[in-house]
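Residue numbers (full-length UniProt numbering): 1 to 845.
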């Protein structure tokens with residue numbers, strides 16, 4: 001019997017060991033199905049071994065053993081699957097043993113296993129495999145009670161008292177079942193504790209390994225009297241060596257140290273082996289096999305600690321390269337920040353507000369001296385200086401703002417006046433933010449900006465605006481007439497042209513006087529239109545001599561990032577461009593405004609052209625083109641786009657203040673009006689040419705510098721009385737303009753063939769190519785524009801002479817697209833003298 005008990009205890013212990021293995025396996029703990037099978041196999045094997053050599057109760061031929069606890073926990077921890085597997089092992093043994101009660105024995109294996117599964121279903125473990133106390137109690141009670149179920153059915157022989165035999169058998173089985181269940185409970189709990197410790201240790205070791213790896217730490221160990229040292233994987237990684245660690249000859253890895261660090265490192269190592277490791281880390285540098293230099297920090301420990309006879313040295317090496325680089329960058333950033341603070345056009349201020357309302361200045365930048373006249377040290381010693389110099393009328397509101405910020409952490413934005421140490425009044429603007437600290441106080445960080453110059457300028461501007469109200473009458477007239485100015489001037493041009501033609505046909509003095517009166521009235525009408533549309537703007541300008549080409553290049557370079565790559569930018573800058581005298585900042589601002597307007601007009605896709613040219617303007621040009629200019633030399637700056645163009649009904653409004661062709665919220669409507677005001681004050685002007693669907697050109701005319709003014713040569717006029725000859729193909733889409741041009745040319749003696757488009761002109765030329773000259777508008781409806789028409793016709797007649805007319809396209813637009821150096825280009829509206837002179841000039845060549 002004693003041997004039987006020892007044998008059962010040993011097998012139960014083996015079952016606990018198997019359970020420990022399962023509990024320690026992280027994969028099995030995650031996979032429920034595999035876990036149940038594993039529990040069933042471990043418990044089933046132990047059931048098999050116990051049942052194979054069980055103690056047989058004489059008389060009933062029933063086995064007495066410790067299988068009950070195994071079967072119960074196989075069902076509880078392994079569920080029905082684990083329980084049935086364990087019961088199956090027991091069934092095999094019971095059938096093999098045989099006896100009169102085989103069926104009952106086989107049934108009891110399944111009963112115990114399924115009872116354990118039932119308890120597991122009713123009282124499952126909250127954290128597997130920890131068994132709740134209530135479940136343990138039920139399992140133990142069940143292991144006792146269930147043993148009495150088969151007792152009445154047992155067959156016994158040679159029993160004097162059958163009732164006594166049944167009781168004794170039941171008691172024996174109950175004791176064995178209860179003990180085995182209690183023992184298994186203890187073993188499983190111990191196995192769970194051991195597995196948890198192992199899992200925690202494994203997890204801690206893994207975390208430690210990850211921490212060591214992430215912290216770039218390596219471990220070095222060397223025994224006294226040896227020339228080799230053991231380096232872990234971290235040390236290999238720090239040194240840049242391949243492998244997972246191992247023994248390395250000390251001399252080999254010492255060669256990796258920079259020569260200038262060897263001597264100092266050797267002294268430290270010497271002290272370590274004497275039992276005096278330094279309290280502070282040792283710093284040195286190494287060169288990895290790939291040539292990279294790394295900064296290492298070493299901490300030392302000796303065994304036994306505190307002994308002068310050191311048996312082992314342990315070093316913890318840390319790669320601090322990134323840390324040192326970060327510190328260097330931090331110091332650099334602090335230095336840079338200090339320089340920025342020193343050069344800021346304002347004073348930085350930081351203050352703590354305690355819960356009781358007490359205020360303490362933590363920092364104020366040196367620029368405070370430039371604003372208030374007191375140094376940082378003086379403010380730190382006497383914080384109330386800020387309040388003493390504050391405007392007394394505004395001081396209560398400022399204090400309320402600080403209290404409100406300390407309570408709500410809302411930002412402060414205020415403008416106020418002060419009186420400096422020297423008695424000078426100044427205007428300051430403060431922007432502050434508040435944040436609550438851990439101790440309950442509030443930190444308020446502020447910047448004070450000196451806006452004295454700006455405030456004075458604003459006051460002067462307001463005064464100038466009041467003065468400028470007198471000019472609103474003329475501005476109103478310009479706004480009223482702007483809508484019809486374009487059409488009105490076209491009508492005047494047609495009237496004047498026809499009157500000039502009519503004058504040549506009449507000789508009656510009375511009729512000539514009436515025609516002259518009509519021409520004079522048309523001129524006065526044009527002058528009246530110019531007078532009504534003109535307005536002046538007064539601003540403080542600082543003119544200087546400017547190379548306009550250089551300004552265009554510079555502006556193009558730094559504004560390139562504001563333009564999408566889908567917009568092509570082309571420049572046509574005239575070599576030998578005259579210098580101009582204008583305000584550089586305002587000129588650059590005007591160019592930038594036009595570039596951004598062009599960008600918006602093209603919907604982020606198209607072609608932007610910037611052009612410069614030298615222009616000589618005489619009195620005739622000024623009168624015919626209705627520009628407010630003095631005759632002389634000018635430099636033209638043109639900005640053209642291929643956008644949607646400006647509708648004709650808007651062209652005469654675009655220079656009005658607050659008028660914008662952009663949508664709501666996309667423009668102030670002040671850009672072009674400011675450009676016009678600037679150009680007028682600079683002695684120049686601005687012109688715009690636009691055709692819907694084609695694009696827009698803005699032309700700025702600047703007076704050339706006085707240092708390079710050349711005398712304006714009078715323009716040679718064509719002799720209108722001299723009869724000319726030649727065949728001219730005329731292409732113009734505006735019917736009224738076409739008629740005037742035809743009549744003027746025919747009056748001068750030319751044979752003119754009119755065409756209403758480039759396409760029509762091409763067909764006429766193909767039918768009869770005997771033309772001496774092509775006179776064409778550049779922008780026309782149809783497939784062929786003026787430039788492409790010239791190209792097409794010159795393929796038929798390479799020597800064809802061409803005069804271009806346009807109010808929109810720039811030289812850069814037509815450059816390389818049909819315009820030759822010998823061609824002449826006229827800007828609309830074209831005076832009769834200019835037209836005839838240009839035609840005569842080409843026909844003489």
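By construction, the Cβ of each residue, glycine as well, lies at the ideal position given by its N, Cα and C atoms. This one's a predicted model, so the numbers in the text were calculated from it and none came from an experiment.
Just to confirm my understanding: we take residue i, look at its own chain, exclude 5 residues before and 5 after, and list those with CB closer than 7 Å. What are they?
{"i": "residue 789", "result": "731, 758, 761, 762, 776"}
{"i": "residue 307", "result": "275"}
{"i": "residue 79", "result": "36, 117, 120"}
{"i": "residue 631", "result": "617, 618, 619, 622, 712"}
{"i": "residue 248", "result": "228, 229, 231"}
{"i": "residue 387", "result": "395"}
{"i": "residue 557", "result": "none"}
{"i": "residue 504", "result": "747"}
{"i": "residue 473", "result": "Residue placement at residue 473 is flagged as unreliable, the pLDDT there being 41, under the threshold of 50; the coordinate-derived value follows with that caveat. Nothing meets the Cβ criterion."}
{"i": "residue 130", "result": "192"}
{"i": "residue 486", "result": "A caution first: residue 486 carries a pLDDT of 45, below 50, which makes its placement in the model too unreliable to give a value."}
Is residue i helix, strand or coil when you go by DSSP?
{"i": "residue 15", "result": "helix"}
{"i": "residue 844", "result": "helix"}
{"i": "residue 184", "result": "helix"}
{"i": "residue 344", "result": "coil"}
{"i": "residue 606", "result": "strand"}
{"i": "residue 349", "result": "strand"}
{"i": "residue 156", "result": "Low per-residue confidence applies at residue 156: pLDDT is 44, beneath 50, and the placement is therefore not dependable enough to give any value."}
{"i": "residue 287", "result": "strand"}
{"i": "residue 922", "result": "Past the boundaries of the shown model lies residue 922; the chain is included only from 1 to 845, so the question cannot be answered."}
{"i": "residue 282", "result": "strand"}
{"i": "residue 415", "result": "strand"}
{"i": "residue 219", "result": "strand"}
{"i": "residue 756", "result": "coil"}
{"i": "residue 430", "result": "strand"}
{"i": "residue 339", "result": "helix"}
{"i": "residue 127", "result": "coil"}
{"i": "residue 367", "result": "coil"}
Would you mind giving the Cβ-Cβ distance between residue i and residue j, rounded to the nearest angstrom? I have them listed as a contact below 8 Å.
{"i": "residue 188", "j": "residue 21", "result": "With 8 Å as the limit, residue 188 and residue 21 do not qualify as a contact, their Cβ atoms being about 12 Å apart."}
{"i": "residue 606", "j": "residue 641", "result": "6 Å"}
{"i": "residue 294", "j": "residue 250", "result": "Not a contact, Cβ separation roughly 19 Å."}
{"i": "residue 111", "j": "residue 146", "result": "6 Å"}
{"i": "residue 144", "j": "residue 174", "result": "4 Å"}
{"i": "residue 801", "j": "residue 744", "result": "Not a contact, Cβ separation roughly 18 Å."}
{"i": "residue 39", "j": "residue 82", "result": "4 Å"}
{"i": "residue 28", "j": "residue 34", "result": "6 Å"}
{"i": "residue 837", "j": "residue 724", "result": "Not really, about 11 Å apart at Cβ, beyond 8 Å."}
{"i": "residue 431", "j": "residue 447", "result": "5 Å"}
Can you find the residues in the same chain that come closer than 8 Å, C-beta to C-beta, to residue i, ignoring five residues on each side of it along the sequence?
{"i": "residue 102", "result": "94, 95"}
{"i": "residue 389", "result": "372, 418, 419, 420, 421"}
{"i": "residue 385", "result": "372, 374, 378, 379"}
{"i": "residue 848", "result": "As shown, the chain starts at 1 and ends at 845. That puts residue 848 outside it, with no answer to give."}
{"i": "residue 578", "result": "614, 633, 635, 704, 705, 708"}
If you draw a straight line from the alpha carbon of residue i to that of residue j, how long is it in whole angstroms?
{"i": "residue 104", "j": "residue 85", "result": "18 Å"}
{"i": "residue 231", "j": "residue 201", "result": "23 Å"}
{"i": "residue 733", "j": "residue 682", "result": "37 Å"}
{"i": "residue 397", "j": "residue 586", "result": "39 Å"}
{"i": "residue 900", "j": "residue 334", "result": "A query on residue 900 cannot be resolved here, the shown segment of the chain reaching from 1 to 845 and no further."}
{"i": "residue 678", "j": "residue 622", "result": "19 Å"}
{"i": "residue 252", "j": "residue 324", "result": "26 Å"}
{"i": "residue 256", "j": "residue 240", "result": "10 Å"}
{"i": "residue 65", "j": "residue 36", "result": "24 Å"}
{"i": "residue 580", "j": "residue 517", "result": "40 Å"}
{"i": "residue 649", "j": "residue 500", "result": "29 Å"}
{"i": "residue 435", "j": "residue 452", "result": "29 Å"}
{"i": "residue 824", "j": "residue 509", "result": "37 Å"}
Against chain E, does residue i count as a neighbour if the rule is that its beta carbon must be under 9 Å from one of theirs?
{"i": "residue 377", "result": "The question asks about chain E, but that chain is absent: this structure has only one protein chain."}
Residues in the same chain with beta-carbon distance under 6 Å from residue i, minus the five sequence neighbours each way, listed in chain order, please.
{"i": "residue 265", "result": "284"}
{"i": "residue 539", "result": "Because residue 539 carries a pLDDT of 42, less than 50, the predicted location of this residue cannot be relied on, and no value is offered for it."}
(message) Measuring CB atoms only, is the stretch 228–238 touching the stretch 264–271, in the sense that at least three cross pairs come out at less than 8 Å?
(response) no
(request) Mind the definition here: the stretch 436–447 touches the stretch 393–409 only if three or more C-beta pairs lie below 8 Å; say whether that holds. (result) yes
(request) Could you say if the stretch 338–348 and the stretch 358–366 meet the contact criterion of at least three C-beta pairs nearer than 8 Å? (result) yes
(request) Report yes or no: do three or more beta-carbon pairs, one from the stretch 595–602 and one from the stretch 635–649, lie closer than 8 Å? (result) yes
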